[in-house]
Each structure stands twice: as structure tokens, then as C-alpha cells.
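Single-structure report; data block below.
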Amino acid sequence: MTDSKQPIIQIRNVTKRFGKVAAVDNVSLDIMAGEFFVLLGPSGCGKTTLLRMIAGFEVPTEGQILIDGQDMSRVPPNKRPVNMVFQSYAVFPHMSVADNVAYGLKIAGVGRGEREDRVKEALDLVKLGGFESRMPDQMSGGQRQRVALARSLVMRPKVLLLDEPLSALDAKLRAQMQFELSDLQDEVGITFITVTHDQDEALSMASRIAVINKGEVSQLATPSDLYEFPANRFVADFVGSVNIFEGKLIIDEPDKAAVDCPGLGKVYLNHGVTGPHGADVWVALRPEKMYLHVQGAGKTVEAAAKDAPEGHNFARGVIKGMSYLGDITLFEIQLESGAMIRVSRPNLSRHDQEDFTWDDKVSMHWRADSPVVLLG
Amino acid sequence: MALFARTPRAPLEYAKSLWMRGWVLAVMLFLYLPLFVLMAFSFNDSKRNVVWRGFTTKYYAKAWENDQLWDAMLNSLTIAGLATVFSLIIGSMAAVMLWRFRFPLKSAVDGTMSLPIIVPEICLGVAFLVFFSWIGWPSGLPWPFNLTAIVIAHITFCFPFVTMVVRARLATFNREQEEAAKDLGAGEWQAFRDVLVPHIKPALVSGALLAFTLSLDDFVITFFTSTPGTDTFPVLVYSLVKRGVTPDINAASTILIILTVLLTAVALKFQGVKALADAH
Amino acid sequence: MAEQDWKQQKRPFAAVSLTPLFWTLLFFVIPMAFVWFYSFGRNVGLTDIDIVGTLDNYKRATEWLYLSIFLKSLAVAALVTLICLIVGFPVAMAITFASEKWRPWLLLGIMLPFWTNLLIRTYALMIVMGQQGYANKGLEALWGGASWLKTLVGLQPMETWEPLPLLYNNFAVVVGLVYVHLPFMVLPLYSALDRLDKSLIEASLDLGAGHLKTLFKVVVPLAAPGIIAGVMITLIPALGAYLTPDLMGGTDSQMIANVIERQFKRANDWPFGAALSFLLIYAMFALIALQGMRKKTGEVK
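Chains as they are written, first to last, in our numbering: chain A, 28 to 403; chain B, 63 to 342; chain C, 1031 to 1331.
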């Protein structure tokens, strides 16, 4: 059987062109057995094309895809050890739930007894026991998706491919399905590869994420690494919400670095960034990583940024916009430089939202390990 | 061997498989080859459609001087034009009636109005023959009044097609648009004119095209309702083919084919290939 | 959408309904009623017909001579429909899956014959299929080639080619009807296939089915409404075809419409022709009812 150290899917220098446009541009990826792997990117970035090439519905223009060590170039989709859950679910409307799930088994020539057992097992797995004789048009979107899941899982594929599995569900159901999919993956131990444009979905489910932009892999990392250590401006901006300021690298030593940002002020970091001195860089600062204070107590604020030299890691501004989101409140603040910055603040008590209001003068500071310096 | 060195084909690119292409090509040849042969023979310097005896345009000259042919063409176009206009009016009215209102015996009326689409042409032709002879429809009226019977027959079998097309389009009408127009101060008639009519316009165009084609194409019903002097182009061609081939038909047919293609091209220019395809 | 009761809007209702209702009544219902009454009538003298309520015309229509023509028309129409379906389905598939650039042109290629005059098309086909037409010439060339190949390997050459009588027989009628009706079959098939969610086909392939299995287990069942529409749109006119058997058929290839025409134009037996006409109409109704039943059972299921 497959060794968990060996990649179950190897994508080697795969390029797919439609006419002159490269939808996927020289992508190489190794996906390990048992992973919950997510391809994340904006619409039209080529992530779905990549998934469809793994399934065999598109043929790579260049490069190779190996599944379990075998080259798939000449293998049609019906002979590949992978199965797909389609974005539209593609549940056969003219077959009952049980017939849908049994379809692949019938074609594989699985005997009646075993077939019925496996169908029942798969339907129980997706919590659709008792729905065997329903027709798809009598089911909700969420239920149809479970049918599609069961139909693929019953084939016991080496890899399950999911194309935007949650995009057609409403927000509540989506949150629930995120957990269920993760649990399911734990339970069946099959490698899942999911395509999504929703960063929340990716962060909550994935063991690893590949961020795709314009047909190329922008970053490959675990969810927390992706969020806390984005490799470039695209990833920082696409995953979560972020403030980005341009600046010049003025100090860069192994244990510290400083960037002078005309928009924000002087930013100090407690680690090195290995960029050339004086280079143009970008500082990314997440809204939730800043502390907001009432202005006037200027001294205490400066002192609050204790882990940075004086004059670093703080800024002043005026509240120009506020949106109360229940769990947090989001502030739009105009800095003294004229630049806008977004700061979020958890509503720890019921009175928190009353502390600040429009046109209040405020100041903010952040810790020296919060900003991320981006070279590209 | 570039033909066989196939680039790998994605599974759903059926249209790229060789046998599919061969099949489509064979069907297209089957559909078009006879027409091309006919057109080629219209330039053949022989009385029979058999051997190529050299290029000539003399049959076009003969066709040009053939008064019978001109009369038949004029009759055909007059009938088709009149039938189209009236079918469009009656057909749209029927469509709006069936779409908008609830009334007693509605399904019976609906069924009866679509019957002319299903009833075989021969039966309709017979019905008109019986009807017009029973009421003693006068024959030998001066042109164009001698065409009235045929025009009536054509309207009767054309307007249900217009109704069908317009009704399908009406079904996609968003009633809120009409309500919005009224909300902005339009009256019943203004809302109808400014919102509903623009919405069904594509259906009116394709309905008119359909009615015109059906009328121009019809042989059987015309055959049963025609009186001396009202021969349409199909009826004339029929009698000539029955009597034996005369090469002027090749020439006249070629002109009509070219006219059809030209009209299609004009329609394409106005509607675009996709819209035209969707109209069917 | 809520329909409005006609009583609440009498004037707009009258404006749109009077003309079509009047027209349908006067020029469709009444003429058909005449034929219906005539079918129970009897010829009295040369031109007069007495409607005496006799069933003789129907009795005569069910004599074997006419019944066999009826059955034959049905068989020819069914065969034509089947050929159109088999020939047309791959074409509809090819159009559906053709590239964006090609699809409209292929559709146009199928539709252009529809706009071309029926008589011209029939006549053109007759030229090609004639005793010395190009179909025969092509076959002769093939025959000659085969014969030449045989001599090449040392065998006796085949006999000289005798032109096949392609025209004026039942074969010609079938070919002619296929030629005329093929576009009518392809268009509804195409529109059904075009509406089909392509990911259903992909799902079937993904679950291990080959292309042929996918075709019969997924594509055909889901395109069934289009297939039925195509079958009806071909079968019904083919059953009532007059022109093709008249021009391309031989003495033994009459179909029911030709018999009806003869009663009215030559034999001058209008009551009998009327009875035959209504039998043909009843046959249409039966076909449509059959389709309606299929639809109903489908919905119940």
C-alpha cells in the first residue's frame, strides 16, 4: 500500500494553455497521502483547471501528473484511481439516491450483496441513511452534495477531488460542512484535494494550502504559516485582511530589522529579514494585531510598545469610519501621514463599542513580532 | 502521418474525434451535394441533367423570359408577405391571450389553436378544398384578389407557429418589469408598448422568419387551394418536374437558393449567428 | 406568474382574443368539421354529397387494400424516423461539443436546408439519384475500382456495372424523406443535449463508466425529452408525407396522403377521402396521446 511518506500525487512542471492563455503555468506540487490539501485562489486563477487535470478532464499542454507513482498522461478519467465531487454536484437527476451511489460500483462489476452493503455504509457516513429511494429533485442542495460525496467515497478512491464543494451552500450550512468534511477526511483517511476561493474555508479545513495566482503557485504552506508568514503581497492580501505599507529597509541584522514607511512610521521587527539594505520592501500588518488607545496619554502609548526602540511601532490618527460586526468592531483610521489603516478590536465586554467613535483622535501600537516584511 | 499523430484529446471534446468529424462531414455532404449538383447543372449546356457539355448561361436568359416563372414567383412572394404580416398580428394576439388571461375553456382553445401545427398538411389542404368549394368561393378574380383563398389558408397554418414562438418568449418575461414601469407612472398601454413589446421583439423577428419560410415552402395546402392563374413557385416546379425536366428550373432554383443564402446572410448580419441559431 | 381573470379586464381581453378566436373558428374548425361530416356522407351524382350518417366510408377504409397502405405508411415513417435518429444523434453531439467558434456555423449548416425550398431540395435529390445521376456514377466508379483491384491480384474482373434503379421505388422514398426531415431531428436533439449539465457526463466518466456506457446510462435518459420531440417532429410529417412519395416513389410506393389526394383530385370520391383524412388525424392523435402518457408516467416516477 501507499507509504505515507511518498507523495500520492506528483505534479511535475504542468502547463495548460487555452489558446495563448496559460491557465496553469509550470506548476510543480507534491501532495502526500492522507493530506487535506487545498488549492486556494481567486476565480480564474487556474486552480479548477489543475484539479480537472488530476481528474483527467483536461489534458496538460506540458508536464506530467503522477498518481501513486504512475504517469497519468494516457489514462482516461474512468480509469484513474481518483474521484471527484463536482461544483454543481452532478447528481444524476434520473436516478434515486441509492442508484446514484451504486452507479460506479455497478460499472466496476461489484456484486449485488457487497454493493448494497457499501452503498448503505457510504450513505451512513454522510448521514443520509434512510434516503435511499429519494430522487435528487426532492432534496436540498446540502443533501445533494452529500449524495455526491457518498457516490465518490463509495469507490474508495486514493484521492478525492472536491471542486468548490461549499460554494453553493448558505453561510450556516457552509460552516457546518467545513467541520464535517474535516471529520470525514479523518474518518476515511483518504487524501482530499479541494479547490476553493474562500480563505476561511481553506484555513479551517486544510492541512496544507497552495495559494494559486495567475496559474502559478504563490505560496505553499500550512494554514497558520500562510496567515502569519505570507510570502508576498498577493498572499498577504488574499488570505485575511491586511494593511500594507511601502517602505525602505534601514536595519537588517540577524536578530532585528527596521523599515521606514512614509505612510506608517518606523517599523521595528525582532528578527532579521535577509533583504538587501536600502531595498524597497512592504510591511504587512493585520488589523487585529494592533492595540487602540485614546490619544492624549501619549507617553503611556509610546511606553506600551516596550519591545521596540522609542519612536517605533506606533502611530496616531483619527477615526473616519466604524463598522460594528458583533464580535469585533472594525475601525478605519486616517493616520497623520494621510494614509488609511484598518484596525479591529474585539468586543470583550458589552460596553466596548462605546469607547471610540467617529472623529476621535486615537493612537495605536503593535508588537515587534507582528509586522511581516514582504520583499515582493 | 500528421493525421494520425493525434494530440491527446480531453474526454468531452467529442467533436475532435475523427469518426465524429467524418460523420458530420458525410451528413453535410448528403445535405448539400444535391444542391451543388443542381446549381452546377444550371450552367450545363445540355437539356438533360446527365453529362457536362460545357458552360452556358442560356437557361438563365430563358428563365428570365419565362413569364410563367415570373408570375409564380410574384404569387409566392405576395402570398408569403401577406401571410407573414397577418400571422404575426393574429399569432401575437393569441400568444398574449393565452399567456395573460384565464378564461373558460382555455385548454380547449389552446389545444385547438395549436392543432394546425400537428394536423397533416394533406388533411388541412383537403379541408380548405372542401370549405372553399362549399361556400362557392369565386374564382377568376383579378390579381391579387384571386390569391385570397391561398393567403387565408396560409395564415391559418402559419399563425400557430408564431403563437408558439412568442409564447415561449413571453414565459421568460419578468412581470416585475411591467410593475416597475407602472410604478414609474406608465399606464397599461404604455407599459405594454415600452416593456412587453421590446421583450418579445426577438420572438417577433423569428416568428416572422418562420411564417415567411413556411408559406414560401408550402406545396400541399397551396396545391389544394389553387385555382387557375394562382400557381405559386412550388406548384409550378411540381408540374414541371412531373412533366419532365426542363433546365430553366435549374436556373430558377439556383437563383432561389442563392436568394435564400443571401437572406440568411442578411439575417446573420442583423442578428448574429448565435441569435439566429437560438431562434430555433 | 399569475394569470388574470378575463372578467376583470374585459376590454384588453376582447382586444387580443376576438381576432384569433374568430379566425380559428371560421377557417380551421369549420373546414375541419366539413371534412368530418363528409366522411359520413355518400356521393349523389357528380358533385352533390348527401350526409347520411353512413359508416361505409370507414368500412371501406379498413379493407386490406387501404389498411395495408396505412400500415406501410406507418412503417416507412417509423423507418425514416429511426434513420434520422441514428444519423442525427452523432451530429447533435458533435454540435453540442464543438468549440464556441464552430458551433453556430454547424447549426447554420443544419438550418439552411430548412430555409431552402422543399421542392427544390427534392428535385435536387432526384437529379443526383437518377438513372445516370452522380450517385450511380459514384457507385460505378467504386465498382470499376474493385474490379480493377481484382484483376490486379489475378482474379476475373467483375461484370460490367448496371446502373441501379435508385429512383421511383420505396428506397427512394425513404432516402427522400430522410433528406427532408433530418434537420428537424437534429435541432431538438441539439437543444436537449445543449441543456444537459456537462458535469453529469464527467461524473459518469469519473465513476468509471466508459463513453458508450455513459451515453446509454446518462446522456440518452437525460436527453429523452429532446429525443421524443425529435421523433414526433419527424414521425408525424413523415406519416402524412405527400410530395416525396409522389415525386420519388414508384407505382407501389404510395403512402396514405397520396391515396387521399387521389380521392379528391381524380377519383372524385370526397366522402371516402374525408374518412381517410380523419383516420390519419386519429392516428396522429394516438401518437401524441402515447407521448403524453409516457410523459405522465415519467413524472409520476
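Beta carbons are placed, not taken as given, at the ideal position from N, Cα and C, and that holds for glycine.
Predicted model only: the values in this text are computed from it and were never measured.
Since residue i meets chain A, which of its residues come closer than 9 Å, beta carbon to beta carbon?
i	result
Leu-74 (chain B)	Phe-84
Name, please, each residue of chain A whose Cβ falls closer than 7 Å to the Cβ of residue i.
i	result
Lys-1243 (chain C)	Ile-134
Ser-1229 (chain C)	Phe-113, Ser-115, Ala-117
Val-1248 (chain C)	Phe-119
Could you check where the alpha helix (DSSP H) with residue i kicks off and where it finishes?
i	result
Ala-229 (chain A)	226-232
Glu-141 (chain A)	139-152
Val-1204 (chain C)	1200-1225
Phe-1043 (chain C)	1040-1054
His-216 (chain B)	210-232
His-1241 (chain C)	1241-1244
Asp-129 (chain B)	129-162
Can you give the Cα-Cα distance for residue i and residue j, rounded to whole angstroms?
i	j	result
Leu-1245 (chain C)	Ala-135 (chain A)	17 Å
Met-1159 (chain C)	Leu-1196 (chain C)	6 Å
Asp-282 (chain A)	Ile-36 (chain A)	39 Å
Gly-338 (chain A)	Ala-306 (chain A)	21 Å
Leu-65 (chain B)	Arg-71 (chain B)	For Leu-65 (chain B), the pLDDT reaches just 41, beneath the cut-off of 50, and the residue's location in the model is therefore unreliable, although a value from the coordinates is still provided. Roughly 14 Å between the two C-alpha positions.
Lys-1331 (chain C)	Glu-159 (chain A)	Its pLDDT being 39, under 50, Lys-1331 (chain C) is placed unreliably in this model, and the value from its coordinates should be taken loosely. Straight-line Cα distance between these residues: approximately 15 Å.
Asp-386 (chain A)	Pro-260 (chain B)	51 Å
Asn-276 (chain A)	Arg-171 (chain A)	First, the amino acid is wrong: residue 276 (chain A) is Leu here, not Asn. If you take the alpha carbons of Leu-276 (chain A) and Arg-171 (chain A), they lie about 54 Å apart.
Val-192 (chain B)	Val-1261 (chain C)	31 Å
Pro-1120 (chain C)	Leu-1219 (chain C)	10 Å
Leu-93 (chain B)	Ala-102 (chain B)	16 Å
Asp-279 (chain B)	Ile-179 (chain B)	15 Å
Glu-1329 (chain C)	Leu-132 (chain A)	Caution is warranted here: a pLDDT of 48 is assigned to Glu-1329 (chain C), below 50, making its placement in the model unreliable, and no coordinate value can be reported.
Ala-284 (chain A)	Lys-333 (chain A)	16 Å
Gly-138 (chain A)	Pro-250 (chain A)	43 Å
Ile-62 (chain A)	Ser-234 (chain A)	Per the sequence shown, the amino acid found at residue 62 (chain A) is Glu instead of Ile. Looking at the two C-alpha atoms, the distance is approximately 6 Å.
Leu-253 (chain A)	Gly-344 (chain A)	30 Å
Met-182 (chain A)	Leu-1237 (chain C)	8 Å
Lys-1243 (chain C)	Leu-1172 (chain C)	36 Å
Phe-1144 (chain C)	Val-54 (chain A)	50 Å
Glu-75 (chain B)	Ala-313 (chain B)	42 Å
By the DSSP assignment, the beta strand (DSSP E) with residue i in it spans what residues?
i	result
Ile-271 (chain A)	270-280
Val-8 (chain A)	Outside the displayed span of chain A (28 to 403) sits residue 8 (chain A), for which this structure offers no information.
Gly-1071 (chain C)	1071-1074
Cys-288 (chain A)	283-288
Asp-1086 (chain C)	Premise fails: Asp-1086 (chain C) lies in the alpha helix (DSSP H), 1086-1091, not in any beta strand (DSSP E).
Thr-356 (chain A)	355-362
Starting from residue i, find everything on chain C with Cβ-Cβ shorter than 8 Å and list it in chain order.
i	result
Ser-315 (chain B)	Asn-1147, Ile-1150, Tyr-1153, Ala-1154
Asn-340 (chain A)	Correct list: empty, because the minimum Cβ distance to chain C is about 51 Å.
Met-182 (chain A)	Leu-1237, Gly-1238
Tyr-122 (chain B)	Result: empty, since nearest Cβ-Cβ is about 16 Å, beyond 8 Å.
Leu-136 (chain B)	Simply none; closest approach about 16 Å.
For residue i, return the contacting residues in chain B, with the cut-off set at a CB-CB distance below 7 Å.
i	result
Pro-1143 (chain C)	Leu-93
Pro-103 (chain A)	Pro-73
Met-1062 (chain C)	Ala-189
Asp-1035 (chain C)	Arg-164
At a CB-CB cut-off below 7 Å, which residues of chain C make contact with residue i?
i	result
Arg-142 (chain A)	Those within 7 Å of Arg-142 (chain A) in chain C number zero; the least Cβ separation is about 13 Å.
His-121 (chain A)	Pro-1251, Leu-1252
Find the nearest neighbour of residue i within the set the options, judged by alpha-carbon distance.
i	options	result
Leu-1056 (chain C)	B:Asp-293, B:Thr-218, B:Val-228	B:Thr-218
Tyr-295 (chain A)	A:Val-286, A:Gly-138, A:Gly-302, A:Thr-301	A:Val-286
Val-328 (chain B)	B:Arg-305, B:Leu-271, B:Ile-311, B:Ala-314	B:Leu-271
Leu-189 (chain A)	A:Ile-355, A:Tyr-116, A:Leu-362	A:Tyr-116
Tyr-300 (chain B)	C:Leu-1148, C:Pro-1255, C:Leu-1207, C:Arg-1133	C:Leu-1148
Glu-143 (chain A)	A:Leu-152, A:Val-153, A:Ala-125	A:Ala-125
Applying a beta-carbon distance threshold of less than 9 Å, which residues of chain C neighbour residue i?
i	result
Arg-178 (chain A)	Ala-1233, Leu-1237
Met-155 (chain B)	Ala-1045, Val-1046, Ser-1047, Leu-1048, Thr-1049, Pro-1050
Could you tell me whether any non-hydrogen atom of the ligand GDP is closer than 7 Å to the CB of residue i?
i	result
Asp-107 (chain B)	What this structure holds is no ligand at all, so the ligand GDP is not there to describe.
Identify the contact partners of residue i in chain B, using a Cβ-Cβ distance below 8 Å as the criterion.
i	result
Val-1065 (chain C)	Cys-185, Val-188, Ala-189, Val-192
- [ ] Please determine if the segment 221-229 of chain B and the segment 167-179 of chain B are in contact, where contact requires at least 3 C-beta pairs separated by less than 8 Å.
- [x] yes
Open item on the list: Under 8 Å, with one C-beta from each stretch per pair, do the segment 1300-1311 of chain C and the segment 1047-1066 of chain C reach the 3-pair mark?
Closed with: yes
Task: Three CB pairs or more closer than 8 Å across the segment 148-166 of chain A and the segment 1286-1293 of chain C - done: no
Open item on the list: Using 8 Å as the cut-off, can you tell me whether the segment 257-275 of chain A makes contact with the segment 72-90 of chain A, which would need three or more C-beta pairs spanning the two stretches below that distance?
Closed with: no
Task: contact_flag[the segment 240-250 of chain A, the segment 69-77 of chain A] where n(CB pairs < 8 Å) is 3 or more - done: yes
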